[in-house]
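Working notes, structure below.
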Amino acid sequence: MYILATLKTFLLKWFPIFTHGMLKPGAPWYAWLGGIIGDFLIIGGILFLILRMVPARYRKSLIALLTFLGGVPYALEFFWPASKGGDNFLSLFVRQIGDGTNVLYSFALGLGIFSLMRFHANNLIRKRPGWHNNLAFFVAFFTMMLAGFANSVHHNAVNSNVFDMLFGGIVSALGSTMFSTIGFFIVSAAYRAFRIRSGEATLMLAAAFVVMLGQVPVGAWMTSGIPENGVWANLRLENLSYWILNQPNMAAQRGMYFGIEIGALAMALRTWLSLERGSFFEKEL
Amino acid sequence: MTIFEKLQHIDRRIMYLLLLLVIAWPLIWGMDMPIMVSPAVKGVYNAVEKMPKDKMAIIIVYWGSGTIAENRPQVEALMRHFMMRNKRFAVLAFDPQGSKFSYDSAKIISSELHKTYGKDWVHWGFRPPANLIPLLQSFPHDVIKNIGTDINGTPLGKLPVMNGIKTIKDIGLLADTTSVGELDYWIAYVHGPYRTPIVYGPTAVMTADAFNSLDAGQINGLLPGMQGAAAYEKMLGRKGFATKATGALSSSHLLIIALIILGNIGYIITRRRQEQQA
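Residue numbers (the working numbering), protein chains in the order written: chain A, 1 to 285; chain B, 286 to 563.
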């Protein structure tokens, strides 16, 4: 009894500190930090130990089992009848998994930054051709980061203007410029690609002309002589364009979507049931 | 090389220069063209008109500087419409650039229409795109708790604009303006279970995909790129950036068509001559 009581006291005192899921709002920051690290050590440690303890030939089966168990709540939650509130007994659990997924995504961000830094630092240290581009990365990265932090921590006129100048004046302007150049390539590509080589190509070209003109005011202007109402109105370019988008296009899109979604469902099932084969899945563990 | 062969191989630098000119000319000197309003755009207008005043709209901003020319006029027209009709709205951004752009736009329009931040509208700030699905799963149950604070860090519960807004059932309209195409998620997680009306503002190249949802009634209306925004501006009776820029849109489309026709004239005549010689 004494041992159990001691264990209970110990768990009540220390377990919440090592597992942030049991912490209440308002807990001190060190408890949260300890909880997050504790989570990783406990869950990661248990999984690692299990993986090491299991004989090599059963490891794939274990991973397959864990993958299957990981997917079960999602499938069950979706198909299980919901109560009046729209939830069932698994809904809260699924939302908590969603929170956990966010944590995993945040690791991807850190991993991405680390990977970028390592790549650029390697090139810079070895002074490989184009090293000045690697230097530009570090300058841009740290300048933007410092400006962002400064503006958040000490929000004053100077920091705000510096941040706005960098963000609005450089980052956004570069983004718009990069995207705008696509317009020039589209013109060049459309000119070279659209050749009437067959009946199908002619049909596609005619449809493209109608949709392109119907989507812009000049199309409406070109057929503005046709009455807006009545049977003849169907020949106005904007109406023809709308019909092409809303009828033949939609039918084709739906057909494609059916194929894509069935493929995605099959792929998801294969991954969930660990039936997928390939270089990664065939690796010796 | 004959003239017809040359027509098939126009130097791309000439095409770039022509495109630059035909875009710049209407933007600088203006070019008035009749703007037609499609049923899809009317659907957006009607959805905003029908939204009950005791409910709130959410404008989703999932675009950045790359598509600012197409998406910002859509967002601004929507904001203006909500403010003109004294209907509350919140902006939720999934792009850090879009968050700033939409906040700046809303401030300008609200100042013009004498509306107050926190009372007539609110900006919920930027949320990471990876957060979209967990957010969609949880926020319909408790909007204030799951969004937490606005763009300035003020708790949402302290803002009068949020009075009476608790769950997704208090959201009267969802306007998704995007360059990404995450509409399916909104349909699956919001429209499907709660029947919240959705209107959609994609970029022009994404428009073709959206007609499925429009026809199925999953979205109430559609703003196809900048042209959609221009048509919406026309319905609001105000000429904004989109209306001015449609001239450039028209001239650039005409240039592309003209170049394709020239290329094909060269191709057909050259092919016929080769056949005759053979």
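We put the CB at the ideal spot given by N, CA and C, even for glycine.
Exercise. May I have the straight-line CA-CA distance separating residue 40/A from residue 338/B, to the nearest angstrom?
Key: 48 Å
Self-check item: Any C-beta of chain B under 8 Å from that of residue 176/A
Solution: yes
Self-check item: Alpha-carbon to alpha-carbon, residue 459/B and residue 355/B
Solution: 19 Å
Exercise. Specify whether the segment 402-415 of chain B and the segment 180-188 of chain A touch according to this definition: at least 3 beta carbon pairs, one from each stretch, less than 8 Å apart.
Key: no
Exercise. On a CA-only basis, which of 561/B, 554/B, 562/B and 560/B is nearest residue 287/B? Give me that one, please.
Key: 554/B
Quiz prompt | contact_flag[the segment 302-318 of chain B, the segment 519-531 of chain B] where n(CB pairs < 8 Å) is 3 or more | solution = yes
Quiz item: What are the partner residues of residue 272/A, as DSSP defines its beta bridges?
Solution: None; residue 272/A has no bridge partner.
Self-check item: chain B contacts made by the segment 154-169 of chain A, where a contact means CB separation under 8 Å
Solution: 167 and 168
Quiz item: What runs of the beta strand (DSSP E), each 3 residues or longer, lie entirely inside the segment 400-441 of chain B?
Solution: 406-411
Quiz item: Does the Cβ-Cβ distance between residue 461/B and residue 486/B come in under 8 Å?
Solution: yes
Quiz item: If you draw a straight line from the C-alpha of residue 457/B to the C-alpha of residue 158/A, how long is it?
Solution: 41 Å
Exercise. Starting from residue 68/A, trace the alpha helix (DSSP H) both ways and give me its first and last residue.
Key: 56-79
Quiz item: For residue 461/B, which residues does DSSP report across the bridge?
Solution: 345/B and 485/B
Quiz item: Any residues in the segment 317-335 of chain B with a beta carbon nearer than 7 Å to a beta carbon of chain A? Which ones, in chain order?
Solution: 318, 319, 320, 321 and 323
Practice problem: Over the uninterrupted alpha helix (DSSP H) stretch that includes residue 94/A, give me the two end residues. | Solution: 91-125
Practice problem: With distances taken Cα to Cα, identify the nearest neighbour of residue 381/B among 398/B, 400/B and 412/B. | Solution: 412/B
Quiz item: With burial defined as no fewer than 16 other Cβ atoms inside 10 Å of the residue's Cβ, what is the status of residue 294/B: buried or exposed?
Solution: exposed
Quiz item: Do residue 517/B and residue 329/B have their C-beta atoms within less than 8 Å of each other?
Solution: yes
Quiz item: For residue 333/B versus residue 378/B, is the C-beta distance shorter than 8 Å?
Solution: no
Practice problem: For residue 202/A, I'd like the list of residues in its chain whose CB is within less than 8 Å of its CB, leaving aside the five on either flank, ordered along the chain. | Solution: 196
Quiz prompt | Close beta carbons around residue 54/A, own chain, < 8 Å, minus the five adjacent residues each side | solution = 62
Quiz item: Between residue 98/A and residue 418/B, which are expected to be in contact by the criterion C-beta below 8 Å, what is the C-beta distance as a whole number of angstroms?
Solution: 6 Å
Quiz item: Ordered along the chain, which non-local residues of its own chain (more than five positions away) have a Cβ less than 7 Å from that of residue 238/A?
Solution: 214, 219 and 220
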